[in-house]
Amino acid sequence: ETFTKELLEKYKNDSLDILLGKPLPIEAVKRLSENPKWEQIQWLIDTDTRLTEYLALAKEKNQRLKIAIEINVGLQRGGLDTPEKLEKIIKFILSNSDYLELTGLMGYDGHVPYVPFYINKEKAIAKAFKQTQETYNKFVAVIAASYSENEIKKMTFNSGGSKTYFRYKEYTGKMW
Numbered sequence: 001e002t003f004t005k006e007l008l009e010k011y012k013n014d015s016l017d018i019l020l021g022k023p024l025p026i027e028a029v030k031r032l033s034e035n036p037k038w039e040q041i042q043w044l045i046d047t048d049t050r051l052t053e054y055l056a057l058a059k060e061k062n063q064r065l066k067i068a069i070e071i072n073v074g075l076q077r078g079g080l081d082t083p084e085k086l087e088k089i090i091k092f093i094l095s096n097s098d099y100l101e102l103t104g105l106m107g108y109d110g111h112v113p114y115v116p117f118y119i120n121k122e123k124a125i126a127k128a129f130k131q132t133q134e135t136y137n138k139f140v141a142v143i144a145a146s147y148s149e150n151e152i153k154k155m156t157f158n159s160g161g162s163k164t165y166f167r168y169k170e171y172t173g174k175m176w
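Position 164, counted from 1, in the sequence shown is what this note's numbering calls 164; the numbers after and before it change by one each time, with no gaps.
Below, the structure written as structure tokens:
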């Protein structure tokens, strides 16, 4: 929260596009909402309960919030674990579009380099990376059912971590 506050204070609006890497409790969001630049933040949501809390604050402030959804692509650290749950969240966002805007997904793949293996570690990692991408794309397909291609092109799709980013340059699958 402190780091985000510093960014909001230091930089001009037109140079800010912040995607939080962790869902914040509503009390922290309320404190950050006191900064006039808080609308530059893409708020990470991991549950429908948290989204409901954020919606209440958006209505109170009469502000439209940018919402990125955390999805579980195998790390098991939280987020939506099925595309069906994302469908429900998207319907909720669309029915509250005066206050909520879907801006993308975060499905961190930090587990990939640490998958268990028996014989060939690199083969196990490559398989985990592929499975992660397949899972991620199932969630993106849910978005594609409700948003246009142009809307999707403007969204943020975040996945790679510091131990996996280099794998994306050789990835031959669909890049959302």
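Every residue gets a Cβ at the ideal spot worked out from N, C-alpha and C, and that includes glycine.
Checking the sheet assignment: what are the DSSP bridge partners for N62? As a working note, residue 62 is residue 62 in the sequence shown. Answer is none; N62 lacks a bridge partner.
Pairwise C-alpha distance: M106 and G178: Because the chain here runs from 1 to 176, residue 178 falls outside it and cannot be looked at.
Indicate whether the contact test is met: 3 or more Cβ pairs, each with one atom in the region 79-99 and one in the region 120-131, closer than 8 angstroms. no
Report the partner residues of G104 according to the DSSP bridge assignment. As a first step, residue 104 must be located in the sequence shown, where it is residue number 104. For G104, which the question treats as bridged, DSSP gives the partners A68 and T156.
Which same chain residues, not among the five before or five after I152, have their C-beta less than 7 angstroms away from its C-beta? Position 152 of the sequence shown, counting from 1, holds the residue named residue 152. Contacts found: I143 and A144.
Using 8 angstroms as the cut-off, can you tell me whether the region 41-57 makes contact with the region 110-124, which would need three or more C-beta pairs spanning the two stretches below that distance? no
In terms of residue numbering, what span does the alpha helix (DSSP H) encompassing L94 cover? Taking the first residue of the sequence shown as 1, we reach residue 94 at position 94. Run containing L94: P83 to S95, per the alpha helix (DSSP H) assignment.
Terminal residues of the continuous beta strand (DSSP E) containing I45? Sequence index remark: in the sequence shown, residue 45 carries index 45 (1-based). Element bounds for I45: I41 to I45.
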